[in-house]
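**Student:** In this note's numbering, the protein residues as written are 370 to 699. Note that CB positions come from ideal geometry on N, CA and C, so glycine has one too.
#1: Hey, would you say residue 447 sits closer than 9 Å to residue 529, going by beta carbons?
#2: In this structure, how does DSSP classify residue 397 when only helix, strand and coil are distinguished?
#3: According to DSSP, simplified to helix, strand and coil, what is residue 603?
#4: Taking its Cβ as the centre, do 16 or more other Cβ atoms sit within 10 Å of residue 415, making it buried, or is it exposed?
#5: Which residue or residues does DSSP assign as beta-bridge partners of residue 644?
#6: Can you tell me whether DSSP reads residue 639 as helix, strand or coil?
#7: So the beta strand (DSSP E) residue 575 belongs to, where does it begin and stop?
#8: Suppose the cutoff is 7 Å on Cβ atoms and the five residues either side in sequence are ignored; what does the same chain contact list for residue 693 look like?
#9: Near residue 427, what residues of its chain come up, given a Cβ to Cβ distance below 6 Å and the 5 sequence neighbours on each side ignored?
#10: What residue range is occupied by the uninterrupted alpha helix (DSSP H) comprising residue 547?
#11: What did DSSP end up calling residue 536 once you bin it into helix, strand or coil?
#12: Which class does residue 425 belong to by DSSP, given the choice of helix, strand or coil?
#13: Between residue 664 and residue 541, is the Cβ-Cβ spacing less than 9 Å?
#14: Pick from 672, 658, 683, 587: whose alpha carbon is nearest that of residue 511?
#15: Candidates 452, 382, 473: which alpha carbon is nearest residue 431's?
#16: Using 10 angstroms around the beta-carbon of residue 444, count the other beta-carbons present and answer buried if the total reaches 16, otherwise exposed.
#17: Quick one: what's got a C-beta closer than 7 Å to residue 620's C-beta in the same chain, skipping five residues either side?
#18: Between which two residues does the alpha helix (DSSP H) carrying residue 651 extend?
#19: Compare the C-alpha of residue 617 against each of 666, 577, 601 and name the closest.
#20: In this structure, how does DSSP classify residue 626 when only helix, strand and coil are distinguished?
#21: Do the region 449-462 and the region 594-612 touch if we need at least three Cβ pairs shorter than 8 Å?
#22: Any idea if residue 612 is buried or exposed, counting beta-carbon neighbours within 10 angstroms, 16 or more meaning buried?
#23: Measuring only the C-alpha atoms, how far is residue 699 from residue 395?
#24: Which term fits residue 691, buried or exposed, when burial requires 16 or more other beta carbons within 10 angstroms of its beta carbon?
#25: Between the beta-carbon of residue 656 and the beta-carbon of residue 550, is there less than 9 Å?
#26: Using CA coordinates, which residue listed in 638, 387, 499, 640 is at the minimum distance from residue 596?
#27: What did DSSP end up calling residue 417 once you bin it into helix, strand or coil?
#28: Taking the straight line between their C-alpha atoms, what separation do you get for residue 467 and residue 489?
#29: For residue 572, which residues does DSSP report across the bridge?
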């Protein structure tokens, strides 16, 4: 056992010594006025002994902090629960805004579309979309929430862009995103999932009724995930991880079976009227506005493939730093 521990410590020692040497060079390159001599290769035995002593102490400390069987536990966790070890990339919600009069028919932005953020210190952050986004020449004009004897009624009025015919729009489903304060969005999510009775589709040219099953929450299926998972991992853990990382990812709904709107010829728009069996809270009635329901949204994630700079595998370290190609040393 002592022999095995000594061999393991040699690895820690070599790793720490290499790290100190490279760290000094990188620091000198970034701060040449503060530490110009660190970039030079010196032969002073006192300095060499000092670095070796620091590497010895740091290596012992790392060895004590690690578990007695780090290779076994790390490999086991990586195999069974890889999500526990992976860092979580930045995530957000993006809304596409169609240019008026530039869109006359349905356009689909496929999942995986690359988008860039506003430059941060001169460098844009690269994201990719996680849902397919169907964009129509259609906008949400108004939202009203009324209290009736049976419960509450939510009315969403949609308006077509000038020159667009509803009968030729090929509108089969519409995806909505609940945006805003959690007490508003979560309450509306609960009512849409549990207390919805029916959905009426109304226009100046007619009306029809849809069953509550046409409203489908988005984000729970395997193909609607944000984080990549291996096939042998339990997907329930991914749902939990995504919920605590970006709960807004689950505030999407699809309204399906909207094909009959094609019968509303020459209509300038239509209304979706949601009938709930229970009344919403008074505070929801007072504060729910049109901007709390949005079209053409998708989650985005700062995760994309990228080449890395070559590294020399000399088997003298426990870990190797991987640098994205083209990035300066940190």
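**Tutor:** From the atom records:
#1: No, the pair does not count as a contact, with Cβ atoms beyond the cut-off.
#2: Here residue 397 sits in helix by DSSP.
#3: The DSSP-derived three-state label of residue 603 is coil.
#4: exposed
#5: 522, 567
#6: strand
#7: 575-580
#8: 675, 677
#9: 385
#10: Unbroken run through residue 547 is the beta strand (DSSP E), 543-547; no alpha helix (DSSP H).
#11: Correct three-state label for residue 536: helix.
#12: helix
#13: no
#14: Out of 672, 658, 683, 587, 658 has the C-alpha closest to the C-alpha of residue 511.
#15: Closest by alpha carbon: 382.
#16: exposed
#17: For residue 620, where only same-chain residues beyond five positions count, the Cβ hits under 7 Å are 546, 547, 554, 558.
#18: 651-656
#19: Selected option, being the one with the closest Cα: 666.
#20: Coil at residue 626, not helix or strand.
#21: Counting Cβ pairs under 8 Å, three or more are found: they touch.
#22: exposed
#23: Confidence in residue 699 is poor, its pLDDT being 49 and thus under 50, which makes the residue's placement too unreliable to answer from.
#24: exposed
#25: Yes, the pair counts as a contact, with Cβ atoms nearer than the cut-off.
#26: Closest in alpha carbon position to residue 596, among 638, 387, 499, 640, is 499.
#27: helix
#28: About 25 Å.
#29: 575
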